[in-house]
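A quick write-up on the structure given underneath.
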Amino acid sequence: MTDLLAPVAASSLAEQARAALGKRNLVFVGLMGAGKSVIGKMVAQALSIPFVDTDGEIEKVSRMTIAELFASYGEPEFRALEARVIDRLLKGGPRVISTGGGAFINDNTRRLIKQGGISVWLKADLDVLWERVNKRDHRPLLKTENPKATLENLMNHRYPIYAEADLTVYSGNVRKETMVTNVLSAVVELAEKGQGK
Numbered sequence: 013m014t015d016l017l018a019p020v021a022a023s024s025l026a027e028q029a030r031a032a033l034g035k036r037n038l039v040f041v042g043l044m045g046a047g048k049s050v051i052g053k054m055v056a057q058a059l060s061i062p063f064v065d066t067d068g069e070i071e072k073v074s075r076m077t078i079a080e081l082f083a084s085y086g087e088p089e090f091r092a093l094e095a096r097v098i099d100r101l102l103k104g105g106p107r108v109i110s111t112g113g114g115a116f117i118n119d120n121t122r123r124l125i126k127q128g129g130i131s132v133w134l135k136a137d138l139d140v141l142w143e144r145v146n147k148r149d150h151r152p153l154l155k156t157e158n159p160k161a162t163l164e165n166l167m168n169h170r171y172p173i174y175a176e177a178d179l180t181v182y183s184g185n186v187r188k189e190t191m192v193t194n195v196l197s198a199v200v201e202l203a204e205k206g207q208g209k
C-alpha cells in the first residue's frame, strides 16, 4: 500500500518545490562526475520545466567541443564564453541549469548565478567522483600525468567556493531517484526558511 503512495508523495514534493522556485532558475554546481547533468535532467522533469546543460550550449554556440575550446583558446577564454552563456540562460527562467565544474569558481559567474537562481552544490567524495570520471577521456582538466591527484587538487581548491551555494546535496552511491528527492526537499526547505523566492 505504501508503494502506491510514493508517486503521490513525490508529485506533491515536486509541486511544492516548483512553487518555491517561482520564476527563478535551479542551477547545479559541483565538480565533474558529481551528477549535475543526470540529476539536473531528472529534477527538471519532476518540476516540468526545461533543462539546459551549459557545456552543451557552449558547444552549440562555438561549434567546438569543450576539449577543442580548451586546446585552441585556453581556460580563461573558455571561462569568459561560459559566463556569457550562463548569463543568457539565467535570463530565461525558470529552468534547471547544469554548469561546468569551473563555472561557479568564476567570481562574475557566481554572482550572476546568485542573482538569477538557487544554486545547488552536488557534493561528492573523491572516490565517488573518480569512479565516475576515470573511464572517460573527454575531461580536459584531467589530461595530466596523475588525473586522480589533479581531481583531488580541484576538490581542495573548489570545494570552499562551492560551499557558497544556496544548497548542498550529497551525491554518493545512492539511487538517482533518491538524489532527486533530496534536491526537491532541499528547495522546499530553503523556501520554508524564507530564502527560496
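Residue 209, in my numbering, is where the sequence shown stops; the numbers in between run on with no holes.
Ideal Cβ placement from N, Cα and C applies to all residues, glycine included.
Considering only residues of the same chain and omitting the five flanking positions on each side of residue i, which have a CB-CB separation below 6 Å?
{"i": "S197", "result": "none"}
{"i": "I125", "result": "V39 and S131"}
{"i": "R144", "result": "G45"}
{"i": "K135", "result": "T180 and Y182"}
Could you check which residue in the options has the C-alpha nearest to that of residue i?
{"i": "S60", "options": "I125, E164 and R107", "result": "R107"}
{"i": "E176", "options": "F82, D119 and R100", "result": "D119"}
{"i": "R36", "options": "E201, Y171, G45 and K103", "result": "K103"}
{"i": "A26", "options": "L43, F90, M54 and G45", "result": "M54"}
{"i": "Q127", "options": "A161, V195 and D99", "result": "D99"}
For residue i, collect the residues of the same chain with a Cβ closer than 7 Å to its Cβ; drop the 5 residues on either side in sequence, then sort them by chain order.
{"i": "T77", "result": "E71"}
{"i": "E69", "result": "V97 and L101"}
What number of angstroms, rounded off, separates the C-alpha of residue i from the C-alpha of residue j?
{"i": "A56", "j": "D178", "result": "18 Å"}
{"i": "D65", "j": "Y171", "result": "21 Å"}
{"i": "T193", "j": "V200", "result": "11 Å"}
{"i": "A203", "j": "G34", "result": "10 Å"}
{"i": "W142", "j": "P159", "result": "9 Å"}
{"i": "Q28", "j": "Y85", "result": "43 Å"}
Taking 8 Å as the threshold (C-beta atoms), are residue j and residue i in contact?
{"i": "I130", "j": "V39", "result": "yes"}
{"i": "W133", "j": "T180", "result": "yes"}
{"i": "F63", "j": "G52", "result": "yes"}
{"i": "F116", "j": "R123", "result": "no"}
{"i": "Y174", "j": "V41", "result": "yes"}
Within a Cβ cutoff of 8 Å, which residues of the same chain sit near residue i, ignoring the five residues on either side of it in sequence?
{"i": "K205", "result": "none"}
{"i": "D137", "result": "G184"}
Could you spell out the range, first to last residue, of the alpha helix (DSSP H) harbouring residue i?
{"i": "F90", "result": "I78 to L102"}
{"i": "G52", "result": "K48 to L59"}
Determine, using beta carbons only, whether residue i comes closer than 8 Å to chain B.
{"i": "R75", "result": "No chain B appears in this structure, which consists of one protein chain only."}
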